[in-house]
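Novice: Dropping a structure here in structure tokens format, bear with me for questions.
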Amino acid sequence: MGYLVSVTVLWAFSFSLIGVYLAGQVDPYFAVLSRILLALLLFSPLLLRYRFASNLVLPVIGLGALQLGLMYLFYYQSFLLLSVAEVLVFTIFTPLYITLLHDVLAKRFNPQFLLAALIAVLAAAIMRYQSLSEHYWTGFSVVQGANLCFALGQVGYKRLLAGHPDIKQYQLFGWFYVGAALIAIPAWLLLGNEHYPSTTVHWTVLLWLGLVASGLGYYGWNKGATQVSSGMLAVMNNALIPAGLLVNVIIWQRDTDIVRLSIGCAMIGFSIWLCRRPAGQGG
Numbered sequence: 097m098g099y100l101v102s103v104t105v106l107w108a109f110s111f112s113l114i115g116v117y118l119a120g121q122v123d124p125y126f127a128v129l130s131r132i133l134l135a136l137l138l139f140s141p142l143l144l145r146y147r148f149a150s151n152l153v154l155p156v157i158g159l160g161a162l163q164l165g166l167m168y169l170f171y172y173q174s175f176l177l178l179s180v181a182e183v184l185v186f187t188i189f190t191p192l193y194i195t196l197l198h199d200v201l202a203k204r205f206n207p208q209f210l211l212a213a214l215i216a217v218l219a220a221a222i223m224r225y226q227s228l229s230e231h232y233w234t235g236f237s238v239v240q241g242a243n244l245c246f247a248l249g250q251v252g253y254k255r256l257l258a259g260h261p262d263i264k265q266y267q268l269f270g271w272f273y274v275g276a277a278l279i280a281i282p283a284w285l286l287l288g289n290e291h292y293p294s295t296t297v298h299w300t301v302l303l304w305l306g307l308v309a310s311g312l313g314y315y316g317w318n319k320g321a322t323q324v325s326s327g328m329l330a331v332m333n334n335a336l337i338p339a340g341l342l343v344n345v346i347i348w349q350r351d352t353d354i355v356r357l358s359i360g361c362a363m364i365g366f367s368i369w370l371c372r373r374p375a376g377q378g379g
């Protein structure tokens, strides 16, 4: 669980960095491409050094295309339709997708994990619900596209690596970014515009998001996903919301309801407690 907690802290800054410094200023397709190529650059020495069979490499490429490539395309578009707060609101359903997808693929039903995911969704709604903009339904649909891609990628990677417990994941994970690049490059060529980064701040944010949040972050998150139960993974997807809100309050001085935030944090803590069993006992 240490990997998931560490990446949650790392990713807590990403929502605000994108919403404040990139959305509406830098072409979203270029931003996506930059993040993915920087992450790929970080792992390229390992790609060149280690070789794996195609029956392992190709699924990882596909999962990268889904979880990162397609997800980012939906995710960045959502910031053009919604506020940062609204994007946070609409990410709350990811735990349900993870729990249900994992149970369907495993051909079983775990009511304890579903309950934990539902509590995490309710907690996130309490913390972040507010009046919504006129682009509600379009924005909601776009964010759900991102949520589904992210959930499918996490569940798929967890199940794939369960069959290869001896694999050193850092040696393989570069192929994940290859898959993401296969989506991001044609998307930028076909749909991108000329709103390139024009300030030092733009480039600094992109470097941070690419090398740290994407490069180290997605490796850490997916490795962490293989070490916990599906229920714990689902709940940790919504732990990002209070973390992101705290960053907004402390660094960007955004207003928030401390009572609602406290209640939501307590509920997510209870969800994590419900999922306390080891991964081997609960999936």
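One gets the numbering used here by counting positions in the sequence shown from 1 and adding 96 to each. Don't be surprised by glycine CBs; every beta carbon is placed ideally from N, CA and C.
1. In angstroms, rounded to a whole number, what distance separates the CA positions of L141 and M363?
2. Assuming the contact rule is C-beta atoms closer than 8 Å, L134 and I281 should be a hit. Round their C-beta distance to whole Å, please.
3. When we look at the beta-carbon of N289 and count the other beta-carbons within 10 Å, is it buried (16 or more) or exposed?
4. Please check the pair L268 and V156, which I expect to be a contact at CB under 8 Å, by giving their CB distance rounded to whole angstroms.
5. Which residues bound the alpha helix (DSSP H) around G160?
6. Considering only residues of the same chain and omitting the five flanking positions on each side of Y266, which have a CB-CB separation below 7 Å?
7. DSSP state of P124, grouped into three classes?
8. Where does E182 sit, in a helix, a strand or coil, going by DSSP?
9. From A127 to L164, what does the alpha carbon distance come to, in whole angstroms?
10. Exposed or buried, what is R145 when buried is set at 16 or more other beta-carbons lying within 10 Å of its beta-carbon?
11. Which same chain residues, not among the five before or five after K319, have their C-beta less than 6 Å away from its C-beta?
12. Specify, as a first and last residue, the run of the alpha helix (DSSP H) that L271 falls within.
13. State the Cα-Cα distance for the pair Y168 and V301, rounded to the nearest angstrom.
14. So D199 is in the alpha helix (DSSP H); what residue range does that whole segment cover?
15. Exposed or buried, what is F205 when buried is set at 16 or more other beta-carbons lying within 10 Å of its beta-carbon?
16. Do G327 and Q250 count as a contact pair if the criterion is CB distance below 8 Å?
17. Hey, out of G160, T322, S358, whose CA is closest to A339's CA?
18. Please say whether A212 and A68 have beta carbons closer to each other than 8 Å?
19. Looking at A216: is its Cβ nearer than 8 Å to the Cβ of P191?
20. Would you report the Cα separation of M97 and L106, rounded to the nearest angstrom?
21. N318 by DSSP, collapsed to three states: which one?
22. Note down the Cα distance separating G115 from V180, rounded to an integer number of angstroms.
23. By a C-beta neighbour count over all protein chains shown, 10 Å radius and 16 as the cutoff for buried, is N333 buried or exposed?
24. Residues in the same chain with beta-carbon distance under 7 Å from S102, minus the five sequence neighbours each way, listed in chain order, please.
25. Please list, in chain order, all residues of the same chain as V382 whose beta carbon is under 7 Å from its beta carbon, the five residues on each side excluded.
26. Roughly how many angstroms lie between the CA atoms of A242 and R147, to the nearest whole one?
27. To the nearest whole angstrom, what separates the beta carbons of G158 and G275, a pair I think is in contact under 8 Å?
28. Taking the alpha helix (DSSP H) that T295 falls in, what are its first and last residues?
29. Looking at the unbroken alpha helix (DSSP H) that takes in Y117, where does it start and where does it end?
Specialist: Walking through what the data contain:
1. In the sequence shown, the residue the question calls residue 141 occupies position 45. In the sequence shown, the residue the question calls residue 363 occupies position 267. Reading off the sequence, residue 141 comes out as Pro, not Leu. Spanning the two alpha carbons is a distance of roughly 42 Å.
2. Against the sequence shown, residue 134 aligns to sequence position 38. Against the sequence shown, residue 281 aligns to sequence position 185. With 8 Å as the limit, L134 and I281 do not qualify as a contact, their Cβ atoms being about 14 Å apart.
3. Residue 289 sits at position 193 when you count from the first residue of the sequence shown. It is exposed - the Cβ of N289 has fewer than 16 other Cβ atoms within 10 Å.
4. Taking the first residue of the sequence shown as position 1, residue 268 is located at position 172. Taking the first residue of the sequence shown as position 1, residue 156 is located at position 60. The Cβ separation is near 6 Å, so the contact holds.
5. Along the sequence shown, one-based indexing puts residue 160 at 64. G160 -> alpha helix (DSSP H) spans 150-160.
6. Looking up residue 266 in the sequence shown gives position 170. Excluding sequence neighbours, Y266 sits near L142, Y315.
7. Position 28 of the sequence shown, counted from the first residue, corresponds to residue 124. Correct three-state label for P124: helix.
8. Counting from one through the sequence shown, the residue named residue 182 turns up at place 86. E182: helix per DSSP, three-state reduction.
9. Counted from its first residue, the sequence shown places residue 127 at position 31. Counted from its first residue, the sequence shown places residue 164 at position 68. Roughly 13 Å between the two C-alpha positions.
10. Within the sequence shown, residue 145 is the residue found at index 49, counting from 1. The residue is exposed, with fewer than 16 neighbouring Cβ atoms inside 10 Å.
11. Looking up residue 319 in the sequence shown gives position 223. For K319, where only same-chain residues beyond five positions count, the Cβ hits under 6 Å are Y99, Q265.
12. The count along the sequence shown starts at 1 and reaches residue 271 at position 175. The question names Leu, but residue 271 is Trp in the sequence shown. Counting along the chain, the alpha helix (DSSP H) containing W271 begins and ends at 270-287.
13. Here residue 168 refers to the residue found at position 72 when the sequence shown is read from its first residue. Here residue 301 refers to the residue found at position 205 when the sequence shown is read from its first residue. About 16 Å.
14. Taking the sequence shown and counting its residues from 1, the one referred to as residue 199 is at position 103. Note, D199: alpha helix (DSSP H), 190-202.
15. Position 109 of the sequence shown, counting from 1, holds the residue named residue 205. Exposed, because fewer than 16 other Cβ atoms sit within 10 Å of the Cβ of F205.
16. On the sequence shown, position 154 is the one that residue 250 refers to. On the sequence shown, position 231 is the one that residue 327 refers to. No, the pair does not count as a contact, with Cβ atoms beyond the cut-off.
17. Residue mapping note: residue 339 aligns to position 243 of the sequence shown, counting from 1. Comparing Cα positions, the closest option is S358.
18. The structure shown does not extend to residue 68, since the chain is modelled only from 97 through 379, so no value can be given for it.
19. Locating residue 216 in the sequence shown gives position 120, where the first residue counts as 1. Locating residue 191 in the sequence shown gives position 95, where the first residue counts as 1. Yes, these two residues count as a Cβ contact at 8 Å.
20. Within the sequence shown, the letter at position 1 stands for residue 97. Within the sequence shown, the letter at position 10 stands for residue 106. Near 14 Å, if we compare the C-alpha coordinates of L106 and M97.
21. Position 222 of the sequence shown, counted from the start, is the residue given in the question as residue 318. Residue state, collapsed to three classes: helix.
22. The sequence position of residue 115 within the sequence shown is 19, counting from 1. The sequence position of residue 180 within the sequence shown is 84, counting from 1. Cα-Cα distance, rounded: 6 Å.
23. Looking up residue 333 in the sequence shown gives position 237. So N333 ends up on the buried side.
24. Along the sequence shown, read from residue 1 onward, the residue named residue 102 stands at position 6. G316.
25. The structure shown has nothing for residue 382, since the chain only spans 97 to 379.
26. Residue 242 sits at position 146 when you count from the first residue of the sequence shown. Residue 147 sits at position 51 when you count from the first residue of the sequence shown. For A242 and R147, the distance between alpha carbons rounds to 31 Å.
27. Counting from 1 along the sequence shown, the entry for residue 158 is found at position 62. Counting from 1 along the sequence shown, the entry for residue 275 is found at position 179. That pair is a contact at about 6 Å.
28. Locating residue 295 in the sequence shown gives position 199, where the first residue counts as 1. Here T295 belongs to no alpha helix (DSSP H), and DSSP marks it neither H nor E.
29. Position 21 of the sequence shown, counted from the start, is the residue given in the question as residue 117. Here Y117 belongs to no alpha helix (DSSP H), and DSSP marks it neither H nor E.
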